[in-house]
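In the working numbering, each residue carries its 1-based index in the sequence shown increased by 33.
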Amino acid sequence: MSKLTNLLSSLIIAAWAVAIAVLSVQNYSFISLKFLTFTSIPFPFGVLLTFCFGGGLILGALFPLLLGKPRRSARSMRGRERNDYLEESDPLEDWS
Numbered sequence: 034m035s036k037l038t039n040l041l042s043s044l045i046i047a048a049w050a051v052a053i054a055v056l057s058v059q060n061y062s063f064i065s066l067k068f069l070t071f072t073s074i075p076f077p078f079g080v081l082l083t084f085c086f087g088g089g090l091i092l093g094a095l096f097p098l099l100l101g102k103p104r105r106s107a108r109s110m111r112g113r114e115r116n117d118y119l120e121e122s123d124p125l126e127d128w129s
């Protein structure tokens with residue numbers, strides 16, 4: 034299953050890279066970003082797409098690492114295992 038997952042994710046990334054390359058070649062125009070009163074220097078549209086794509090790949094790879102599953106301590110695991118074997122009272126059996 035891991036090989037299939039790796040293959041599919043590689044194919045998806047490759048397809049997006051090809052789509053970005055085709056889009057940037059077809060739209061070779063200079064753009065400048067504007068935020069409030071600030072304006073960047075003009076640069077090609079493909080450069081913006083490439084940086085956004087690369088940044089998205091990097092953030093997508095780091096996001097699961099930053100929000101990983103919290104590790105449980107040995108003390109909490111011991112208590113959990115002990116509580117799994119304790120018998121609960123069943124309200125349907127003790128209705129009288």
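For glycine and all other residues, C-beta sits at the position ideal for the given N, C-alpha and C.
(message) Out of 81, 89, 85, which one is the CA nearest neighbour of residue 65?
(response) Ranked by Cα distance from residue 65, the first of 81, 89, 85 is 81.
(request) Identify, in the order they occur along the chain, each residue of the same chain with its Cβ nearer than 8 Å to the Cβ of residue 73, setting aside the five sequence neighbours on each side. (result) Correct list, in chain order: 65, 66, 67.
(request) For residue 76, collect the residues of the same chain with a Cβ closer than 8 Å to its Cβ; drop the 5 residues on either side in sequence, then sort them by chain order. (result) Hits under 8 Å: 63, 64, 65.
(request) Please state if the CB of residue 84 and the CB of residue 57 are separated by a distance shorter than 7 Å. (result) Result no, Cβ atoms of residue 57 and residue 84 do not sit closer than 7 Å.
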